[in-house]
Structure formats: structure tokens, C-alpha cells
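Residue numbers for the sequence shown, in the numbering used here: 1 to 297.
We put the CB at the ideal spot given by N, CA and C, even for glycine.
Here the structure is a predicted model, which means the values were calculated and not measured.
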Amino acid sequence: MTDKPDILCIGSVLWDVIGRATLHMQRGSDVPGRITRLPGGVALNIAMTLARFGLKPALLSAVGRDSEGDELISDCRGLGLNTDFIYRSDDLPTDRYMAVEGANGLIAAIADAHSLEAAGSKILHPLTDGTLGSADAPFEGPIALDGNLTESLLSEIAEHPGFSDADLRIAPASPGKALRLAPFLRAGRGTLYVNLEEAGLLCQARFASATDAAQALLDRGAARAVVTNGGETCADAGANGLIHACPPKVLVTRITGAGDTFMAAHIAAERDGATAEAALERALTAAAAYVSGDMPT
């Protein structure tokens with residue numbers, strides 16, 4: 001692909017292995033269900049959703065030169081995603097994510113993104129060597145980042161002049177990696193997309209609502225914070241004030257990837273010129289369609 005990308009998606013590009021059961025589960029449950037393997041990872045999930053909205057995303061990540069990596073790259077290209085800038089490692093395997101979901105939600109998940117972490121700043125070379133940008137001519141446009149990058153690399157991005165003109169959109173990937181977003185609080189850069197639990201970890205507090213959490217993130221230095229809370233009220237707080245909206249009520253059939261869908265839909269809506277209120281509504285509607293199974297994977 002040679003077309004200039006509309007947005008860069010930086011972070012995990014891997015295989016999702018998801019087991020889903022229609023029954024309630026608990027620790028030790030052994031129930032019938034379905035196990036699928038799909039292209040996934042936060043950055044890739046965001047890119048796939050952006051492509052459905054007509055955008056041209058490019059991926060910056062690390063993928064092995066193993067058979068799983070070759071298949072993953074082929075699938076990404078088949079989905080209309082630009083993989084030209086992905087770092088292909090000869091000695092690192094392609095990463096994987098494994099989750100188990102029941103009728104009562106996510107039961108457990110393990111993200112094996114060790115190759116992405118080991119590759120480190122190598123995945124950013126196109127943004128520093130002049131291919132997509134450099135310190136003297138920074139990339140201009142939106143960049144979606146995920147917290148599967150190490151905190152040291154995220155700290156570098158938060159301060160790097162090569163990212164100074166970018167519209168940074170950042171997600172932690174999971175509550176366990178929420179604190180990796182702290183550099184963007186300290187730098188006062190980017191839009192943070194977090195859920196209520198992740199906001200609490202970043203602020204070292206407990207919040208009763210997304211509006212309280214979004215305001216607290218601003219008070220701690222965030223330039224802008226979008227906080228979700230499952231099926232409850234969502235909030236968007238920034239320099240232009242604080243707004244909130246409620247997601248549609250739907251039957252939940254899947255969870256993994258819902259936050260990524262929300263973030264991508266929100267970015268796409270704002271890129272189309274939607275107001276903050278309209279963008280939040282569109283993002284909530286897209287996420288609801290996803291968790292109900294009405295949006296394809």
C-alpha cells in the first residue's frame with residue numbers, strides 16, 4: 001500500500017484466542033462453548049473498526065517472521081489495513097491474547113505481548129527516520145496508542161518532538177496496564193480513553209461515576225479524558241467542559257474488543273466533524289452494536 005494513512009495505530013497486533021460460553025461461569029468452571037482465533041490486539045482492533053468507517057489506518061507494531069505472523073499480516077492486508085510499517089522480527093514470536101468469557105462477562109484473560117515490549121522503540125522508526133515523520137517534521141494527524149507498549153516507551157512518546165503535532169489518543173489496554181498512561185498525565189498530552197476502574201488506578205481513588213472520574217483525571221493533569229462505565233453513563237472531560245451520555249441498553253454477547261470499538265468510533269466521528277456530544281453518542285452506539293453481536297468482528 002502506498003496511500004498516505006489517515007491515522008496511525010501503534011501497539012499490539014496479535015492473535016486473539018477467545019473462548020465464549022452462554023452459561024454463567026466462575027473459578028473452576030468447565031462448560032461447553034466456542035473457541036475462536038481472530039486477528040486482535042488493541043491497536044489492530046482500533047484499526048479494523050476505523051477501516052469499517054472508511055478510514056485508511058496504518059499499523060506500527062511488532063510481528064514475528066513465523067508462520068503465525070505471516071498469516072496475521074496477510075489477514076490484516078485483506079482487511080484493508082496498511083502493514084508496510086510493521087517491524088518484522090526474525091527472533092521474536094508473534095504475540096497472542098487469550099480470554100474466557102461467560103454469560104456473566106469476562107472471566108479471565110492473559111495478554112502475551114512480550115515481543116512488542118522487547119521490540120521497544122524499533123516499532124517507532126518510521127516516525128523518527130523521515131518515513132512518516134521526524135523530530136524536524138513531525139507526523140501531523142491522529143495517532144492511537146495502546147498500553148501494551150512499555151511505560152518507558154510511552155514516556156518517550158509523551159515527550160518526543162516527533163509526536164508534538166499529533167492528535168494522540170491513548171488507551172491502557174487493560175486495568176493491569178493503566179498506570180503505564182501516567183506519563184501522559186504528567187505531560188498533559190493526548191486524550192485518555194479509560195474505564196472507571198482504570199481511571200481509579202490512575203488517580204489512586206475510587207469513583208462512583210464516570211463524570212467524577214473524568215474530572216479527577218483533568219485535575220491530575222490530563223488534557224482530556226473519556227471515561228466509560230459499562231452500561232452506565234459515560235463522560236468526556238476536557239478544555240471545553242464536561243459532557244456525558246448513556247449507552248443503549250442491549251443484550252451483551254461478547255466483551256473483548258468493546259472498548260477498542262468505542263475508541264475507534266469516537267475518533268472516526270470527530271474526524272468527520274461531529275460535535276463532542278454527537279461523537280460520544282456515536283461511539284456508545286457502535287460499542288453497543290459490537291457487544292450485542294450486531295457489528296462484525
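Proximity of residue i and residue j at Cβ, strictly below 9 angstroms
{"i": "A214", "j": "D236", "result": "yes"}
{"i": "S134", "j": "G162", "result": "yes"}
{"i": "V226", "j": "L185", "result": "no"}
{"i": "T49", "j": "T261", "result": "yes"}
{"i": "A286", "j": "A265", "result": "yes"}
{"i": "G190", "j": "R224", "result": "yes"}
{"i": "M98", "j": "D16", "result": "yes"}
{"i": "A173", "j": "S61", "result": "no"}
{"i": "A199", "j": "A210", "result": "yes"}
{"i": "C234", "j": "P247", "result": "yes"}
{"i": "R96", "j": "R254", "result": "no"}
{"i": "A276", "j": "G238", "result": "yes"}
{"i": "R169", "j": "I267", "result": "yes"}
{"i": "R282", "j": "I7", "result": "no"}
N- and C-terminal bounds of the alpha helix (DSSP H) containing residue i
{"i": "L196", "result": "196 to 203"}
{"i": "C76", "result": "67 to 78"}
{"i": "V42", "result": "42 to 52"}
{"i": "I267", "result": "258 to 271"}
{"i": "V291", "result": "276 to 292"}
{"i": "S152", "result": "151 to 159"}
{"i": "R186", "result": "182 to 187"}
Other residues of its chain near residue i: CB distance less than 8 angstroms, five sequence neighbours each side excluded
{"i": "E151", "result": "L179, R180, A182, P183"}
{"i": "T94", "result": "L14, W15, V63, G64, D66, E68, G69, L72, S115"}
{"i": "L201", "result": "P175, A178, L179"}
{"i": "L251", "result": "S292"}
{"i": "D3", "result": "K56, N82"}
{"i": "V31", "result": "A21, L23, M25, G102"}
Same chain, Cβ closer than 6 angstroms to residue i, neighbours up to 5 away in sequence not counted
{"i": "Q195", "result": "Note on identity: in this sequence residue 195 is Asn, with Gln being the wrong assignment. Once the five neighbours on either side are set aside, the close Cβ partners of N195 are T228."}
{"i": "M25", "result": "G102, I107"}
{"i": "S164", "result": "P138"}
{"i": "L132", "result": "P126, F139"}
{"i": "L154", "result": "R180, P183"}
{"i": "I157", "result": "F163"}
{"i": "L124", "result": "none"}
Residue span of the beta strand (DSSP E) that contains residue i, given as start and end
{"i": "I110", "result": "105 to 112"}
{"i": "S164", "result": "First-last for S164: undefined, no H or E at that position."}
{"i": "D236", "result": "234 to 238"}
{"i": "A135", "result": "Counting along the chain, A135 falls outside any beta strand (DSSP E), and DSSP gives it neither H nor E."}
{"i": "A225", "result": "224 to 228"}
Beta-bridge pairing of residue i - partner residues as DSSP gives them
{"i": "I18", "result": "T36, A99"}
{"i": "I344", "result": "With the chain covering 1 to 297 only, the question about residue 344 has no answer from this structure."}
{"i": "N82", "result": "A58"}
{"i": "P142", "result": "D167"}
{"i": "A245", "result": "C234"}
{"i": "L8", "result": "A58, I143"}
{"i": "L192", "result": "I170, A225"}
{"i": "V63", "result": "R88"}
Own chain residues within Cβ distance below 7 angstroms of residue i, not counting five before or after
{"i": "A47", "result": "C9, P57, L59, L81"}
{"i": "M1", "result": "Unreliable placement is indicated for M1, whose pLDDT of 44 sits below 50; the coordinate value is still reported in the next sentence. Answer for M1: N82, D84, listed in chain order."}
{"i": "A258", "result": "A287, Y290, V291"}
{"i": "A187", "result": "A158, E159"}
{"i": "L92", "result": "A62, G64, S115, A118, A119"}
#### Entry: Meets three-Cβ-pair contact criterion under 8 angstroms: the stretch 57 to 73 and the stretch 27 to 43
yes
### Query
Contact between the stretch 60 to 74 and the stretch 85 to 95: three or more CB pairs below 8 angstroms?
yes
### Query
Does the stretch 73 to 82 come close enough to the stretch 97 to 116 to have 3 or more Cβ pairs within less than 8 angstroms?
As far as the Cβ criterion goes, the stretch 73 to 82 does not touch the stretch 97 to 116, which means the pair count is below three.
### Task
Pair every Cβ in the stretch 137 to 154 with every Cβ in the stretch 101 to 108, then say whether three or more of these pairs are closer than 8 angstroms.
no
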